[in-house]
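**Student:**
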Amino acid sequence: MSGLPSWMVEAEAPAVPAAGAEATVEMRVAGREVLAEGVIALELCPQDGAEAPAWEPGAHVDLHLPDGAIRQYSLCGDPDDRGSLRVAILREAEGRGGSRHLHDETAVGDVLPVGGPRNNFPLEHSPRFAFIAGGIGVTPIVPMIAAARARGADWSLLYGGRSRRSMAFLDRLEADPRVRIMPEDEMGLLDLASVLAEVDPQTAIYCCGPEPLLHAVEAACAHWHEDALHVERFKARDDLPTGPGTAFTVVLDKSGIELEIAPGQTILQAVSEAGVPVPSSCEEGTCGTCETVVLEGEPEHRDSVLTPADRARNDCMMICCSRCRGERLVLDL
Amino acid sequence: MADHEPATRDVEEELRQLSCYTTPPERTLELFEAARAAGCPVAHSDEHEGFHLLLGYDDVKKGMADHGLYSSKPQVLRPMLPRKPIPALEMDPPQHKEWRALFNQAVTARTSEVLEPVVRADINRHIDAFIEAGSAELLSDLCEPVPAEAICHLVGIDEDLVPTVRELAIRMFEAMGEPEEFGRRQAEFGEVTVGEVHKRKSEPRDDYLTYLANVEVEGRELDDDDYVVLLAAFLGAGHHSTTSAMSSLIYEVFSTDELRERLVASPDLIPTAAEEALRLHPPFYGFFRRTTADTVVERVEIPAGHDVYMGWAAANRDPEAFPEPTEFSLDRGRNRHLSFGFGVHTCPGAPLARMELRVIVEELLRRTPDLRPAIEEPRYEFGGGDYAHMVELPVTFTPGAREASPA
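Chain order of the listed sequences is W and A.
Here this note's numbering is used: the first residue of the first sequence is 135, the next is one more, and so on.
Here this note's numbering is used: the first residue of the second sequence is 8, the next is one more, and so on.
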């Protein structure tokens, strides 16, 4: 093993092919277990006895369903167990149908294409963690707690749900004095103030759950430092400013050239291929060398150079990594 | 440059003796402005066996981008020392790219994100140590240790070894001007840090030192000499330079009520303030290049094989690029200063430094909101090459409470 430390790279893995559709691995449903009312766990094993892909707490996978739908589920097993991946799935009767299919029609032995894992909710290094979970949002928190334990960090968990019967992993969590279980039908809404009233600069807050809980937590820690809170929202991956992106048009104003940028291709690549020289260096948005003035259009900033104020002005961009929010950008090149 | 006023001749004479060993930082900046005012954007000094100084923003930027004409070999600091080239920094493409990758991979946006809470905790630990006193010397109490610790976290130096590594690095760079002593101290530094790399070979961990222990560059494994210069480069580039920028930023923010209040009201502007402090007070005033061919800059002929000083401290105050250049302003729009360099050698640690600068101001504003420098004007001096730093930064504030119990 001679790679970079995992904490430097975990968000970048796995490599995304340029063509747009992410590579998937066929995995077999090797186990199905009822965790709570309306919650099942599926165990997914690679087909050919290969190792399951590596992942870190907070990661999720894409399950590709037979009707073409793609659904994201957080991993809740043990990252060191490379034999299989484990996801917990809540049956959402009112949902778009993905969870119903997985609950009602998926059986042990079925094969599903699996994309990822990817991690938008990585566990940072911190001396203390305050975990807050609502309902099925406990899924990514379970391996995070194991990691916090292994790192010797302090931690606490506030875990709410509709009722005890609907709450997964109670058996594993309940015995630990650092865990407070608050079923809504017995104890009402989560007592967020008990955890969040007092600011502790050494604590990182990790929250996963339904949108109203996320809003309540955001409000309850508004007086904390803005980077203290980490949340996982269950959202479509199209919103994420990573991956190959979509196609768009770039007009080079001074050169009078119009270019089509394909998904996975950078503006810098296309501009250089068109024979327009732009100085560049890091090609990952950290050095600022390829900064280019934007005359029209709204960039999707992916660099780490521009400040929030720079970004808001949308008058310049790093063309080595940033893309376009709309269909067209006009650059001063 | 044919007709000179008498005053200009004096300036030219003084410029001719200019180097970071002969002229203090404040005077250096004055001379740059005098040269510019006299219509002389390309000056010349006889120090270090003679070199031209580029002072105009466009000239410096163009020069930095043209690594073919302006080589970074053999060294970018003067005087030249009998030492190995600093990896990436003192190499030209294509060799540069191979080594540069080691740094690019270590410092990404993600690294800064992951390290931010760690750096914040470090900062608060240091603040805890002086917050009850109501006064501090921020250079040694805060600005010096924080960046050293950040680099140690980045590469994976164990917590209990951090003070030792920090101390050894300081000793090593103090001897920059004395070749023999520098060699001795670099060996001391290497003994500890390279020892860590060797430990990772037998007991791999999930850290950057383990990566270095196994990585191949230019088709070969690295040897102990490589490890020393690489780790020295990490510390040398990321430690005192950030210390210097931090102290300048803190001085600017906390000596001006208006600025402080604006940042309290709009914390989003803290990064903008950091860029402005970097522009006015670059930790390095410039690096040297050596021409690979005859060239002409601003009608001044520079022959091949000649040393050229890329004076970004001067470029950062070019009124053509920055109107009212000596003003500290949060309203410059995108601040394209050259303090991190430009082109293929642009500082790879910039995201980390920017994060550290932001967090240190956030925490000082939060915990010591009425902090005030106890000096009228900051005093700068050069140390070890064209690295300029504040000499001291004593401050006073209303005492506050510790946040963590003493370790």
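Where a beta carbon is used, it is the ideal one built from N, C-alpha and C, also for glycine.
Starting from the N-terminal side, write out each stretch of the beta strand (DSSP E) that is 3 residues or longer and does not extend beyond the region 295–360 of chain W.
**Tutor:** 313–317 and 337–342
**Student:** Kindly list the residues whose CB is nearer than 7 Å to the CB of A/H247, restricted to its own chain and excluding five residues on each side of it in sequence; keep chain order.
**Tutor:** F180, Y394 and H396
**Student:** Please classify W/D373: is it buried, with 16 or more other beta-carbons within 10 angstroms of its beta-carbon, or exposed?
**Tutor:** Caution applies to W/D373, whose pLDDT of 34 falls short of 50 and renders its modelled position unreliable; the value that the coordinates give is listed next. Exposed is the call here.
**Student:** Ignoring anything shorter than 4 residues or poking outside the region 69–152 of chain A, list the alpha helix (DSSP H) runs there in chain order.
**Tutor:** 102–113 and 116–138
**Student:** With 7 Å as the threshold, decide whether the Cβ of W/S218 is near any Cβ in chain A.
**Tutor:** no
**Student:** Just to confirm, are A/E305 and A/P48 a CB contact at a threshold of 7 Å?
**Tutor:** Inclusion of A/E305 and A/P48 in the CB contact set at 7 Å is warranted, their separation being smaller than that value.
**Student:** Against chain W, with Cβ distances strictly below 7 Å, would A/A116 count as a contact?
**Tutor:** Yes, its Cβ sits closer than 7 Å to a Cβ of chain W.
**Student:** Can you list, in chain order, the residues of its chain with a C-beta nearer than 7 Å to that of A/F349? Leave out the 5 residues immediately preceding and following it.
**Tutor:** K68, M71 and A72
**Student:** Less than 7 Å between the C-beta atoms of A/R192 and A/R173, yes or no?
**Tutor:** Going by C-beta atoms, A/R192 is not nearer than 7 Å to A/R173.
**Student:** Closest by CA to A/F196, which one among A/T115, A/E210, A/R361 and A/A240?
**Tutor:** A/A240
**Student:** Any heavy atom of the ligand GTP within a distance shorter than 6 Å of the CB on A/A157?
**Tutor:** Among the components of this structure there are no ligands whatsoever, and the ligand GTP is therefore not found.
**Student:** Grab the span of the alpha helix (DSSP H) containing A/T302 for me, first residue to last.
**Tutor:** Where A/T302 is concerned, there is no enclosing alpha helix (DSSP H), although the beta strand (DSSP E) it sits in stretches over T302 to V304.
**Student:** For W/L323, does the count of other Cβ atoms within 10 angstroms reach 16, so buried, or fall short, so exposed?
**Tutor:** That one is exposed.
**Student:** When burial is assigned at 16 or more other CB atoms within 10 Å of the CB, is W/A184 buried or exposed?
**Tutor:** exposed
**Student:** Hey, how far is the Cα of W/Q181 from the Cα of A/E97?
**Tutor:** 50 Å
**Student:** Taking W/V159 as the reference, give the member of W/V464, W/L176, W/L209 and W/G249 with the closest Cα.
**Tutor:** The shortest Cα separation from W/V159 among W/V464, W/L176, W/L209 and W/G249 belongs to W/G249.
**Student:** As a quick exercise: from W/E366, W/P411, W/S300 and W/P277, pick the residue whose alpha carbon is nearest that of W/W289.
**Tutor:** Ranking the options by Cα distance to W/W289, first place goes to W/P277.
**Student:** Can you confirm whether A/A197, when its beta carbon is compared against all beta carbons of chain W, has any partner nearer than 7 Å?
**Tutor:** Note on identity: in this sequence residue 197 of chain A is Gly, with Ala being the wrong assignment. No, its Cβ sits nowhere closer than 7 Å to a Cβ of chain W.
**Student:** Given W/E425, which residues of its chain have a CB within under 7 Å of its CB, disregarding the five upstream and five downstream residues?
**Tutor:** C450 and M452
**Student:** Once the 5 residues before and after A/P274 are set aside, which same chain residues still bring their CB inside 6 Å of it?
**Tutor:** none
**Student:** Is there a Cβ of chain W sitting closer than 7 Å to that of A/Y215, yes or no?
**Tutor:** yes
**Student:** Are the C-beta atoms of W/H259 and some chain A residue less than 7 Å apart?
**Tutor:** At a cut-off of 7 Å between beta carbons, W/H259 contacts chain A.
**Student:** What is the rounded straight-line gap between the Cα of A/G141 and the Cα of A/P170?
**Tutor:** If you take the alpha carbons of A/G141 and A/P170, they lie about 25 Å apart.
**Student:** Please report the distance separating the alpha-carbon of A/V260 from that of A/T250.
**Tutor:** In this model, A/V260 and A/T250 are separated by some 15 Å (Cα to Cα).
**Student:** At a Cβ threshold of 7 Å, is W/C342 touching chain A?
**Tutor:** Not an interface residue.
**Student:** Taking the straight line between their C-alpha atoms, what separation do you get for A/P154 and W/S389?
**Tutor:** 44 Å
**Student:** Smallest Cα separation from W/S260: which of W/A284, W/N253 and W/L246?
**Tutor:** W/A284
**Student:** Between W/S233, W/S140 and W/A188, which has its C-alpha nearest W/L176's C-alpha?
**Tutor:** W/S233
**Student:** Looking at the C-beta of A/Y77, does it have a partner C-beta in chain W at a distance below 7 Å?
**Tutor:** Answer no: the Cβ-Cβ gap between A/Y77 and chain W never drops below 7 Å.
**Student:** Got a sec? Which residues, its chain only, sit under 8 Å from W/L199 by beta carbon, not counting five neighbours each side?
**Tutor:** Only R205, G232, H235, L236 and L246 meet the Cβ criterion.
**Student:** Ignore the nearest five residues each way along the sequence and tell me which others in W/R371's own chain have a CB closer than 6 Å to its CB.
**Tutor:** Caution applies to W/R371, whose pLDDT of 30 falls short of 50 and renders its modelled position unreliable; the value that the coordinates give is listed next. The answer is none, since no qualifying residue turns up.
**Student:** Starting from W/Q403, trace the alpha helix (DSSP H) in both directions and tell me its first and last residue.
**Tutor:** That run of the alpha helix (DSSP H) goes I401 to E407.
**Student:** If we count Cβ pairs, one from each stretch, closer than 8 Å, do we get three or more for the region 255–272 of chain A versus the region 43–58 of chain A?
**Tutor:** no
**Student:** Just checking, does the region 143–162 of chain A make contact with the region 113–130 of chain A on the three C-beta pairs under 8 Å criterion?
**Tutor:** yes
**Student:** At a Cβ threshold of 7 Å, is W/P187 touching chain A?
**Tutor:** Not closer than 7 Å to any Cβ of chain A, the Cβ of W/P187 fails to qualify, so no.
**Student:** Decide if W/T420 is buried, meaning its Cβ has at least 16 other Cβ atoms within 10 Å, or exposed.
**Tutor:** buried
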